[in-house]
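Numbering (this note's numbering), first residue to last: 210 to 437.
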């Protein structure tokens, strides 16, 4: 439960880059927060930093002080959501995978902007990333008919996201560390009373290629040991 112990753990997984939040960021309620994450309000399911180039590949969160009442962590598999949308509303899936969406973050020391579809596909049509952040999305410059179609598709995806069958809720305890794929897994939390319980998590990002490299090297080493 030591501060910055997250960096020691993540050194075994991949490379932690520096962002405008630093290498490590503190997730706790503060007065007049610039970001909703730094309040005690609930956070809807989302992916982090779709306005950044590149989007953070993986995210780690280390619980220093858990909230005994509220502050439960929420997770959802964005790929499962995208495939459900493809199966039940193929036109909505087509729109969300082909429409560039503007994402923006502005603060005292940062001004970050990028455009990408909510659902990213490979050249073979496989889902490779989901970008969903209703606090960072900006207005789309589309013709009226296209705008109506896009927001209809957006609402269809958001409705799926709110179905309990696609969500996992867990109460992280003091000392727990969770690592997840930020290009696939949406995360959020329930609200909590910070005046009574000062919940404190520390987080960092890991580059996608470094995590893949670490796992590939480990897999190669394990395969070599098995042959021996």
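Glycine is no exception: its CB is placed at the ideal position from the N, C-alpha and C atoms. In this text the structure is predicted, and so the values were computed from the model without any measurement.
Go ahead and label residue 418 buried or exposed: buried means 16 or more other beta carbons lie within 10 angstroms of its beta carbon, across all protein chains shown.
exposed
Tell me the residue span of the alpha helix (DSSP H) that contains residue 380.
Here residue 380 belongs to no alpha helix (DSSP H), and DSSP marks it neither H nor E.
Kindly provide the ranges of any beta strand (DSSP E) runs that are 3 or more residues long and lie completely inside the stretch 222–283, ordered along the chain.
234–236, 252–255, 267–274
Is residue 285 near residue 370, with beta carbons less than 9 Å apart?
yes
Looking at residue 222 and residue 411, is the spacing between their C-beta atoms short of 9 Å?
no
Taking all protein chains shown into account, do 16 or more other C-beta atoms lie within 10 angstroms of the C-beta of residue 332, making it buried, or fewer, making it exposed?
exposed
Would you report the Cα separation of residue 291 and residue 403, rounded to the nearest angstrom?
34 Å
Using the Cα positions of residue 279 and residue 384, report the straight-line distance between them to the nearest angstrom.
17 Å
Which of the three DSSP states is assigned to residue 356 in this structure?
helix
Does the Cβ of residue 259 have 16 or more other Cβ atoms within 10 Å, making it buried, or fewer, making it exposed?
buried
Would you tell me roughly how many angstroms separate the C-alpha atoms of residue 422 and residue 377, rounded to the nearest one?
28 Å
Taking the C-alpha atoms as reference points, what is the distance between residue 328 and residue 322?
18 Å
Hey, would you say residue 266 sits closer than 9 Å to residue 415, going by beta carbons?
yes
Take the Cβ of residue 213 as the centre, count every other Cβ of all protein chains shown within 10 Å, and call the residue buried at 16 or more, exposed below.
exposed
What residue ranges within the stretch 320–368 form continuous beta strand (DSSP E) runs of no fewer than 3 residues, ordered along the chain?
328–330, 336–339
Nearest-angstrom Cα distance between residue 437 and residue 220?
The pLDDT assigned to residue 437 is 47, lower than 50, so where the model puts this residue is not dependable; a value taken from the coordinates is nonetheless given after this. Computed Cα separation, rounded: 28 Å.
When the distance is taken between beta carbons, is residue 340 closer than 9 Å to residue 388?
no
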